[in-house]
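Asker: Numbering of the sequence shown is given in full-length UniProt numbering, commencing with residue 1 and proceeding in unit increments.
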Amino acid sequence: MSGPSSREALDALAATDDGTPLADVLAPREVLRRETVFEGAVWDVATDTVDLGGGDGPVRRDLVVHPGAVGVLALDADDRVLLLRQYRHPVRHELWEVPAGLLDVDGEDPAAAAARELREEADLVAGRLDTLVEWFSTPGGSDEALRVYLARDLSVVDEADRFAREHEEAQMVARWVPLDDARDAVLAGRVHNPTAVVAVLAAVAARAAGWTTLRPADAPWPAFTERRPA
Numbered sequence: 001m002s003g004p005s006s007r008e009a010l011d012a013l014a015a016t017d018d019g020t021p022l023a024d025v026l027a028p029r030e031v032l033r034r035e036t037v038f039e040g041a042v043w044d045v046a047t048d049t050v051d052l053g054g055g056d057g058p059v060r061r062d063l064v065v066h067p068g069a070v071g072v073l074a075l076d077a078d079d080r081v082l083l084l085r086q087y088r089h090p091v092r093h094e095l096w097e098v099p100a101g102l103l104d105v106d107g108e109d110p111a112a113a114a115a116r117e118l119r120e121e122a123d124l125v126a127g128r129l130d131t132l133v134e135w136f137s138t139p140g141g142s143d144e145a146l147r148v149y150l151a152r153d154l155s156v157v158d159e160a161d162r163f164a165r166e167h168e169e170a171q172m173v174a175r176w177v178p179l180d181d182a183r184d185a186v187l188a189g190r191v192h193n194p195t196a197v198v199a200v201l202a203a204v205a206a207r208a209a210g211w212t213t214l215r216p217a218d219a220p221w222p223a224f225t226e227r228r229p230a
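#1: Which residue's Cα is closest to the Cα of ALA217: ASP180, ARG34 and ALA126?
#2: Since LEU150 and LEU83 are thought to touch, with beta carbons under 8 Å apart, how far apart are those beta carbons, to the nearest angstrom?
#3: Can you pull the DSSP bridge partners for SER155?
#4: Which residue wins for smallest C-alpha separation from LEU146, given the options ALA196, VAL157, THR212 and ALA122?
#5: Residues in the same chain with beta-carbon distance under 7 Å from ASP79, minus the five sequence neighbours each way, listed in chain order, please.
#6: In this structure, does DSSP put LEU52 in helix, strand or coil?
#7: Should the stretch 129-145 be called in touch with the stretch 195-213, which here means at least 3 C-beta pairs below 8 Å?
#8: Counting along the chain, where does the beta strand (DSSP E) carrying THR61 start and finish?
#9: Taking DSSP as the reference, what is the three-state secondary structure of PRO216?
#10: Would you mind sorting PHE38 into buried or exposed? The rule is 16 or more other CB atoms within 10 Å of its CB.
#11: When we look at the beta-carbon of ARG175 and count the other beta-carbons within 10 Å, is it buried (16 or more) or exposed?
#12: Would you report the Cα separation of GLY53 and ARG29, rounded to the nearest angstrom?
#13: If the criterion is Cβ atoms closer than 8 Å, does the pair VAL70 and GLU117 meet it?
#14: Leaving out the 5 sequence neighbours to the left and right, which residues in its chain are closer than 6 Å to ARG88 when beta-carbon positions are compared?
#15: Are the beta-carbon atoms of ARG60 and ALA46 separated by less than 8 Å?
#16: Can you tell which of VAL81, VAL25 and GLU108 has its C-alpha closest to the C-alpha of ASP153?
#17: Mind checking who SER142 pairs with in its DSSP beta bridge?
Set out below in structure tokens:
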């Protein structure tokens with residue numbers, strides 16, 4: 001094994017870097033054909049025949065066609081976050097999560113969907129909602145795009161007006177957790193839900209920056225609105 005390499009040797013590994021801004025860009029390749037091989041209740045599975053360019057001919061790629069989702073990290077005045085424990089059958093675990101849901105209502109604004117999920121799953125209304133972080137869940141196999149909002153200035157929904165939860169949601173357990181304790185649980189490998197992991201770590205980073213990294217709730221989200229092939 002060799003010792004630590006020089007700065008010059010490390011830089012040589014990125015010799016093809018063109019100096020563009022550090023930002024993902026929409027750059028779709030031509031989809032020659034799409035076959036839906038499975039139609040599900042929530043998402044479908046498709047096989048695309050894609051021309052990647054470069055003269056190597058088209059390739060076939062399987063993907064989950066997903067409506068997208070939003071989550072909400074609710075933070076109270078004492079720097080505590082609300083986590084919900086919910087059973088997830090595919091992994092056979094009860095996971096600690098943040099309120100979240102699908103963007104499966106045609107034309108629904110993502111921020112409005114996030115506020116709805118917060119109300120339905122956590123019995124909370126936010127006086128302030130900001131965009132915290134967004135990402136693709138599994139870009140190698142799904143087109144699912146997610147965005148998490150930071151909810152503050154919280155108020156509790158009156159009992160008479162609360163949503164009647166069912167199925168897995170009916171058994172959810174809610175817990176207020178100091179943000180730093182949630183961070184420690186994530187880094188110790190005790191919390192595995194990806195939305196909770198990303199949201200908690202993003203909130204810790206945003207807090208360290210004095211919340212200057214937050215964006216408006218209606219900030220553009222091209223990764224969601226422009227991600228699908230024509």
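Glycine included, each C-beta is placed from N, C-alpha and C at the ideal position.
Answerer: So, from the listed chains and residues:
#1: Here the question's residue 217 lines up with position 217 in the sequence shown. Looking at ASP180, ARG34 and ALA126, the one whose alpha-carbon comes closest to that of ALA217 is ALA126.
#2: Start at 1 with the first residue of the sequence shown, and residue 150 comes out as number 150. Start at 1 with the first residue of the sequence shown, and residue 83 comes out as number 83. Their Cβ separation, rounded to whole angstroms, is 14 Å, which puts LEU150 and LEU83 out of contact at 8 Å.
#3: Reading the sequence shown from its first residue, position 155 is the one you call residue 155. SER155 is bridged to VAL125.
#4: In the sequence shown, counting from the first residue as 1, residue 146 sits at position 146. Among ALA196, VAL157, THR212 and ALA122, the Cα nearest to that of LEU146 belongs to ALA196.
#5: Your numbering for residue 79 matches position 79 in the sequence shown. So the list reads PRO178 and LEU179, once near-sequence residues are dropped.
#6: The sequence position of residue 52 within the sequence shown is 52, counting from 1. Of the three classes helix, strand and coil, the one that applies to LEU52 here is coil, per DSSP.
#7: The answer is yes - the stretch 195-213 touches the stretch 129-145, with three or more Cβ pairs under 8 Å.
#8: Counting from 1 along the sequence shown, the entry for residue 61 is found at position 61. The amino acid at residue 61 is misidentified as Thr; the sequence shows Arg. 59-65 is the extent of the beta strand (DSSP E) around ARG61.
#9: By 1-based counting over the sequence shown, the position of residue 216 is 216. Three-state DSSP puts PRO216 in a strand.
#10: Along the sequence shown, read from residue 1 onward, the residue named residue 38 stands at position 38. So PHE38 counts as exposed.
#11: For the purposes of this step, residue 175 is identified with residue 175 of the sequence shown, where counting begins at 1. Burial is judged here by how many other beta carbons sit within 10 angstroms of a residue's own beta carbon; ARG175 has fewer than 16 and is exposed.
#12: Stepping through the sequence shown from its first residue, residue 53 is reached at position 53. Stepping through the sequence shown from its first residue, residue 29 is reached at position 29. Near 8 Å, if we compare the C-alpha coordinates of ARG29 and GLY53.
#13: Your numbering for residue 70 matches position 70 in the sequence shown. Your numbering for residue 117 matches position 117 in the sequence shown. VAL70 is a Cβ neighbour of GLU117, given a cutoff of 8 Å.
#14: Stepping through the sequence shown from its first residue, residue 88 is reached at position 88. Cβ-Cβ distances below 6 Å link ARG88 to LEU95 in the same chain, with the five nearest sequence neighbours on each side left out; the list follows chain order.
#15: Reading the sequence shown from its first residue, position 60 is the one you call residue 60. Reading the sequence shown from its first residue, position 46 is the one you call residue 46. Against a cut-off of 8 Å, the Cβ pair of ALA46 and ARG60 comes out as no contact.
#16: Counting from one through the sequence shown, the residue named residue 153 turns up at place 153. Closest by alpha carbon: VAL81.
#17: For the purposes of this step, residue 142 is identified with residue 142 of the sequence shown, where counting begins at 1. VAL64, per the DSSP bridge assignment.
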